[in-house]
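Remember, our numbering sits 173 above the position in the sequence shown when you count from 1. We put the beta carbon where it would ideally sit given N, CA and C, even for glycine.
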Amino acid sequence: MTILRDRAPPTANFRRASSGITGVWVIEAAKRLEFEAVTVHTPLASTEGAAVVQAVVFVPFFQQASLGCLS
């Protein structure tokens, strides 16, 4: 978080930090989603999978760190 809040971090460090925190946010958000079992028909066989029950909307804050999450 310190790198993301820094006024002028090196670009590579900023991108690495924003990518890492984005992954954490996605994992934490996914824990709160509801899934339902679905059957998936692949070329080899049918198998069970999971689908998100409700629609998901991601709205980042438009600041320097949030723009890094969109890349």
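Cβ distance (whole Å) where residue i is taken to contact residue j below 8 Å
| i | j | result |
| --- | --- | --- |
| SER219 | VAL211 | SER219 to VAL211, Cβ: 11 Å. No contact. |
Proximity below 8 Å, CB of residue i to CB of residue j
| i | j | result |
| --- | --- | --- |
| VAL226 | GLU201 | no |
| GLU209 | ALA224 | yes |
| SER191 | LEU177 | yes |
Limits of the unbroken beta strand (DSSP E) element including residue i
| i | result |
| --- | --- |
| THR220 | 219–225 |
| PHE208 | 208–214 |
Extent of the continuous alpha helix (DSSP H) to which residue i belongs
| i | result |
| --- | --- |
| GLU201 | 184–203 |
heavy atom of the ligand GTP below 7 Å from residue i C-beta
| i | result |
| --- | --- |
| VAL213 | The ligand GTP is absent from the structure shown, which contains no ligands of any kind. |
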